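Enquirer:
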Ligand code: SIN
């Protein structure tokens, strides 16, 4: 079987659109790609929700760039490589840190209101793993919202860019290793649409919803990673899932991120006994890279039998807290907590996928005419653990690159999709299936088996269960977004657990109790998967 699709659609019968470039996604990466490609091509931006609904919009901490006096791209490179625990691709990181400052300056020129110490001087904060204050922020802790709002405005004003909101990317249109665009489902109207393009950019973000507790919005169901995998692209490093150390833990409350910048400004982590514990785990204390802090919190919770630890800012200036963290302050107040005085209950939750669709320095995947960038992609900049606030920069630099490369293709002639009916080899019988129930079970299973600490037995059992669910979940031809998302979540869950089982060592965000050491001799390499390998029985 060369082609795999979720639905058996008659391609000749569904309405079609034909922009030069189709960009799938809505965050900073998608918008950067669309703006770059639109310089000389017609661009269609397709998102399953609204432009506002992305991880970018909720980003608090900021964007890291070597722009502060005394800092340099070389320093930023060094910190990124250290956090990445030996698995970063140095050329990719070098590209990120050297092109990053210019991309951020462009954002400033476009009117993004980054916070300043004075008219001439930008304000920088610190986060875990950074040896320099280099994180720019906007409106205190609403950085993503400020960036996304300005960029969305530019998208809407651009004459070469059209936006299709509420259109779910069911699949990439692909045949024999070439991508010809995508198939979309109009979420409100229930119609399918074929979008044929000279180049396709995948910027769909991450998969946080695969875990029970996550900082990510509801839309992050790994659709892009799963679709690219079905289309034949290589995915890599799926075992490297980052857990953010400080996520609000209150019964009934949303798992709301309490930015690492809070610790950057001096907040302390305390255990149940009110003790500062981080220096027992790492000399960098509260500002160690986040994989180290998450593991320390996990271990502290286990040894004290507690469900959480605390963040305390009571020793810091209330005025500084009010100015720097207005969003966090306001959110916590809804639950009767005062960020300036109270201990805030927190614990780690899934935050970011370091792995994804393998890409090169030009954001190319190994499917022709398909580019990927941002969280859906893996070009080696994050290694085994992403350095805080490098993700918005990733979106800016590699989103732009993907758009530029897509534009080059768009300036050549249009290949036509071989107009064949797609026939996936699946059982067409429908069964009564409670999609919400499977989704909830999947989230619990992945959290238990591929969380902060992993082992062979738990993961083997989890994979058996996931493979069993596959038998009937993939057999369905869902016409609902919830069902299609479930299929994507299941595909991603299988890839995460398979990757975590395969990597018999501990490194960065991947920690195994049965292989507690880092094993450079055998594992200083990527774990990759390709659909064709599974079909050959690998
Ligand atoms: C945070 O504000 O702590 C999150 C920033 C990031 O994930 O890079």
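In my numbering, the protein residues as written are 14 to 551.
Glycine included, every Cβ here is placed at the ideal spot set by N, Cα and C.
As the structure is a computational prediction, the values presented were derived from the model and not from experiment.
(1) Output the distance between the C-alpha atoms of residue 438 and residue 473, rounded to the nearest integer angstrom.
(2) Of the choices 132, 62, 91, 70, whose alpha-carbon is the least far from that of residue 199?
(3) Provide the residue span of the beta strand (DSSP E) that contains residue 343, from first to last.
(4) Out of 152, 119, 407, 76, which one is the CA nearest neighbour of residue 140?
(5) Considering only heavy atoms of the ligand SIN, list every residue whose Cβ is less than 5 angstroms from one of them, following chain order.
(6) What residues in its chain sit with their C-beta under 7 angstroms from that of residue 506, if we drop five residues either side in the sequence?
(7) Out of 368, 525, 71, 411, state which residue places its alpha-carbon closest to the alpha-carbon of residue 247.
(8) Given residue 516, which residues of its chain have a CB within under 7 angstroms of its CB, disregarding the five upstream and five downstream residues?
(9) Per DSSP, which one or two residues make a beta bridge with residue 594?
(10) By alpha-carbon positions, which one of 476, 375, 527, 544 ends up nearest to residue 46?
(11) With a cut-off of 8 angstroms on the beta carbons, I'd call residue 323 and residue 361 a contact; round off their distance for me.
(12) So, are the CB atoms of residue 340 and residue 154 less than 7 angstroms apart?
(13) Considering only the alpha carbon of each residue, which of 304, 131, 143, 48 lies closest to residue 89?
(14) Thinking C-beta only, is residue 393 closer than 7 angstroms to residue 102?
(15) Output the boundary residues of the beta strand (DSSP E) element that contains residue 361.
(16) For residue 323, which residues does DSSP report across the bridge?
(17) Between residue 97 and residue 397, which are expected to be in contact by the criterion C-beta below 8 angstroms, what is the C-beta distance as a whole number of angstroms?
(18) Excluding sequence positions up to five away, which residues of its chain have a Cβ less than 7 angstroms from the Cβ of residue 422?
(19) Looking at the secondary structure, which residues open and close the alpha helix (DSSP H) in which residue 394 lies?
(20) Residue 486 to residue 106, Cα distance in whole Å?
(21) According to the neighbour-count rule (16 or more other Cβ atoms, all chains shown, within 10 Å of its Cβ), is residue 293 buried or exposed?
(22) Would you report the Cα separation of residue 490 and residue 504, rounded to the nearest angstrom?
(23) Distance, Cα to Cα, residue 531 vs residue 387?
(24) Ordered along the chain, which non-local residues of its own chain (more than five positions away) have a Cβ less than 6 angstroms from that of residue 33?
(25) Residue 279 and residue 329: beta carbons closer than 7 angstroms?
(26) Where does residue 293 sit, in a helix, a strand or coil, going by DSSP?
(27) If you draw a straight line from the alpha carbon of residue 39 to that of residue 288, how long is it in whole angstroms?
(28) Kindly indicate which three-state DSSP category residue 438 falls into: helix, strand or coil?
(29) Let me know if residue 444 comes out buried or exposed under the rule of 16 or more other beta-carbons within 10 Å of its beta-carbon.
(30) What residue does the beta strand (DSSP E) around residue 371 start on, and which one ends it?
(31) How many angstroms separate the CA atom of residue 29 from the CA atom of residue 193?
Expert: Judging by the given coordinates:
(1) With a pLDDT of only 47 at residue 438, under 50, the local geometry of the prediction cannot be trusted, and the value read off the model is given with reservation. C-alpha separation (whole angstroms): 27 angstroms.
(2) Ranking the options by Cα distance to residue 199, first place goes to 62.
(3) First-last for residue 343: 339 to 347, but that is the alpha helix (DSSP H), not the beta strand (DSSP E).
(4) The shortest C-alpha separation from residue 140 is found at 76.
(5) Selection output, chain order preserved: 73, 74, 272, 273, 401, 402.
(6) Same-chain partners within the cutoff: 223, 455, 459, 479.
(7) It is 368 whose Cα lies nearest to the Cα of residue 247.
(8) 252, 523, 536, 540, listed in sequence order.
(9) The first residue shown for the chain is 14 and the last is 551, placing residue 594 beyond what the model contains.
(10) When each option's Cα is compared against that of residue 46, the closest is 375.
(11) Between residue 361 and residue 323 the Cβ distance is about 14 angstroms, and since that is not below 8 angstroms, they are no contact.
(12) For residue 340 and residue 154, yes; Cβs fall inside 7 angstroms.
(13) For residue 89, the closest of 304, 131, 143, 48 by C-alpha to C-alpha distance is 143.
(14) Yes, these two residues count as a Cβ contact at 7 angstroms.
(15) Start and end: 357 to 366.
(16) Answer is 283, 358, bridged to residue 323.
(17) Residue 97 to residue 397, Cβ: 6 angstroms. Contact.
(18) Once the five neighbours on either side are set aside, the close Cβ partners of residue 422 are 211, 212, 382.
(19) It is not in any alpha helix (DSSP H) - residue 394 carries neither H nor E in the DSSP assignment.
(20) Distance from the CA of residue 486 to the CA of residue 106, rounded to the nearest whole angstrom, comes to 39 angstroms.
(21) The residue is exposed, with fewer than 16 neighbouring Cβ atoms inside 10 Å.
(22) Their Cα atoms are separated by approximately 15 angstroms.
(23) Those two C-alpha atoms are separated by around 27 angstroms.
(24) Here the set comprises 54, 55, 211, 423.
(25) Yes.
(26) Helix, per DSSP.
(27) Cα-Cα distance, rounded: 42 angstroms.
(28) Low confidence applies to residue 438: its pLDDT is 47, below 50, so where it sits in the model is not reliable, and the reading given next is rough at best. It is coil, neither helix nor strand.
(29) Around the Cβ of residue 444, a 10 Å sphere holds fewer than 16 other Cβ atoms; the residue is exposed.
(30) For residue 371, the enclosing beta strand (DSSP E) starts and ends at 369 to 371.
(31) So the alpha carbons of these two residues sit roughly 12 angstroms apart.
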